[in-house]
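The structure appears right after this line, and notes come after that.
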Amino acid sequence: MLLGSLWRRCHPGRCVLFLVLALLLDVVGLVFLLLGILASLSYWDFFVYTGALILAFSLLFWVIWYSLNIEVSPEKLDL
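First residue of the sequence shown: 1, per this note's numbering; consecutive thereafter.
Structure follows, in structure tokens:
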């Protein structure tokens, strides 16, 4: 009962595409980063640097998603 009411109030916002892209890039970047760190490969640095770049690039989508979901009341906009 409590979990059902929690999921009803939680919504991803208006820009679901940016949220999905940010989450997807986070997962891919983390997989690459952990693969480069934990696997014994001769080209481990490629995975570490690529994973870090993908994680940094995902921050762009997080900022876009957050800034497009900000709601300001018309009274504060002085229209």
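Think of the CB as a built atom: it goes at the ideal place given N, C-alpha and C, for glycine as much as any other residue.
*residue 37 - containing alpha helix (DSSP H), residue span*: 16-38
*Along the alpha helix (DSSP H) that carries residue 63, what are the first and last residues, could you check?*
44-68
*asked:* Does the contact criterion of 3 or more C-beta pairs under 8 Å hold for the segment 32-44 versus the segment 11-20?
replied: no
_Contact check, residue 48 vs residue 36, beta carbons under 8 Å_ = yes
*In angstroms, rounded to a whole number, what distance separates the CA positions of residue 46 and residue 11?*
37 Å
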